[in-house]
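Chains as they are written, first to last, in this note's numbering: chain H, 1 to 129; chain B, 130 to 258; chain D, 259 to 387; chain L, 388 to 516. Glycine is no exception: its CB is placed at the ideal position from the N, C-alpha and C atoms. These numbers were taken from a predicted model, which means no experiment stands behind them. Reading through the structure tokens given below for one structure.
Protein chains: 4
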Amino acid sequence: MQNFTITIEPRFYETDALGHINNASIAAWFEIVRMKFIESLAGSDPALAVHWILASVQIDFVAETFFGTDVTARVTGAKAGNSSLTVLCEMHQGEKLTVKGKAVLVYMDAQTKAPARLPDHLREQLLAD
Amino acid sequence: MQNFTITIEPRFYETDALGHINNASIAAWFEIVRMKFIESLAGSDPALAVHWILASVQIDFVAETFFGTDVTARVTGAKAGNSSLTVLCEMHQGEKLTVKGKAVLVYMDAQTKAPARLPDHLREQLLAD
Amino acid sequence: MQNFTITIEPRFYETDALGHINNASIAAWFEIVRMKFIESLAGSDPALAVHWILASVQIDFVAETFFGTDVTARVTGAKAGNSSLTVLCEMHQGEKLTVKGKAVLVYMDAQTKAPARLPDHLREQLLAD
Amino acid sequence: MQNFTITIEPRFYETDALGHINNASIAAWFEIVRMKFIESLAGSDPALAVHWILASVQIDFVAETFFGTDVTARVTGAKAGNSSLTVLCEMHQGEKLTVKGKAVLVYMDAQTKAPARLPDHLREQLLAD
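Encoded structure:
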């Protein structure tokens, strides 16, 4: 799997009265990361970018995230199941690890709206170095 | 026009690092007020509740709004144009006026997706005392 | 532990273009549930309500949540560690289980800003039927 | 006044069930624009960037904004009052004007927490071409 990283600039309204970025904003950021990662895999298959549902998300808030400094979100792993894709993510602010996330997405058949087997070219990309 | 009031309980994640409710959260609350007000007018005409677009919104932040105390949002006026509806709103926290809002919505024909004349029964409700 | 339930009315702006409530909005709702649950435990000890940080959150999206119908969020379990509190939650929309959540919070000493032992009266409440 | 423009990439969770970006998300984007604009004026006076409250905001939703295409937000005017600053903004998606915004901010004295006269160097910057 290729290294996949995006930069997120915290927004003031994403802070809360504790003076840091609220946990729900970070859950929202994780959606950006996942979607862009899948988009990057989709390549010449645009349909691939959209037919997913989120089955579960797990977020460890390792350290506080603050307004004023960019956050680097990196996909640290991605594993294909039969119809599911597990995406691991780490966020750093400066040198500090602030967030570890894990999401499980399910690939849906556009017609039947039922879980479908992940396309082979996506599996290959995940296995490629 | 009948008095129309709803209660909004501020949520912690709606605060920002200044320790008060963020202005964008208040813009979002105003959507709740407008939608529930229009729903209350729609009565036996459910289609009426949904075919609107927001043309403009104006919000005066008269005083800060804080977490921990309910907000009362009241529609203080509503005026029908040909295809537009102007909704005025005031929010109070405790005795204090905190927000004054004005929104202009446009009624859309469901088929043509073009602005349409407001239904007469809605005009009558707005004129009724 | 007493049964603890709150009702959440989905807001239109919490939907996304897939036509359902976005996962980040549900992560945000879970904060409401946790905070109100802890507030209910705090009772005569108001300080108890505030000195917490969120260590991790896990959310299973069992079924889609839609705009237009209230959601019932129930705390189905709460377990005290030394300085941590694990809160389990289920959300239903109508009869349907839509969300299962688990959050781990850490109790912080207000002065030292370090994790502190959970107060005994809170432990007792969690053990009481 | 120098031309001031930023680019905003719409996020999926900022859409709503109507399939476009929700109005409250656009109100939130406007905060990003204002804050970055003021930051750009503050230059060597970091305190200047933070001591502001939002008095009012007016947003015209000229056309729908969609997910998938960057938005360009440009400050089209800024006028200094005694202690107030009015900021005008236009957002375009592609070639299309989608949003016109106007915000009135008040400059606050950090000590007294009362409105204060805008610093002269800020006035000069706004007058400079």
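Proximity below 8 Å, CB of residue i to CB of residue j
i         : j         : result
Ala202(B) : Ile137(B) : yes
Val200(B) : Gln222(B) : yes
Phe196(B) : Ala116(H) : no
Lys487(L) : Val449(L) : yes
Thr227(B) : Glu253(B) : no
Leu234(B) : Arg163(B) : yes
Tyr271(D) : Ala411(L) : yes
Neighbour flag for residue i against chain B, beta carbons, 8 Å
i         : result
Asp109(H) : no
Gly19(H)  : yes
Phe12(H)  : yes
Phe67(H)  : yes
Ile317(D) : no
Any C-beta of chain L under 8 Å from that of residue i
i         : result
Thr273(D) : yes
Glu138(B) : no
Ala184(B) : yes
Within-8 Å CB hit, residue i to chain H
i         : result
Met478(L) : no
Ile425(L) : no
Ala285(D) : yes
Ile419(L) : yes
Sheet register partners of residue i (DSSP bridge)
i         : result
Arg74(H)  : Thr5(H), Glu90(H)
Lys229(B) : Asp189(B), Glu219(B)
Lys79(H)  : Thr86(H)
Ile150(B) : Thr144(B)
Pro115(H) : Met108(H)
Ile311(D) : Val364(D)
Among the options, nearest to residue i - alpha-carbon criterion
i         : options                                    : result
Pro248(B) : Trp181(B), Thr227(B), Lys225(B)            : Trp181(B)
Leu251(B) : Ala232(B), Glu168(B), Lys225(B)            : Glu168(B)
Lys354(D) : Thr327(D), Asp367(D), Thr370(D), Gly335(D) : Thr327(D)
Arg269(D) : Thr263(D), Leu306(D), Ala300(D), Ile284(D) : Ile284(D)
Asp109(H) : Ala103(H), Gly77(H), Leu48(H), Thr15(H)    : Leu48(H)
Thr5(H)   : Gln111(H), Gly77(H), Gly19(H), Lys113(H)   : Gly77(H)
Asn3(H)   : Asp45(H), Ala103(H), Leu41(H)              : Leu41(H)
Residue-chain proximity (residue i, chain D), Cβ-Cβ < 8 Å
i         : result
Ala411(L) : yes
Taking 8 Å as the cut-off, does the stretch 183–192 of chain B touch the stretch 154–173 of chain B (at least 3 CB pairs, one atom from each stretch)? yes
Would you check if there are 3 or more beta carbon pairs closer than 8 Å linking the stretch 331–348 of chain D to the stretch 72–92 of chain H? no
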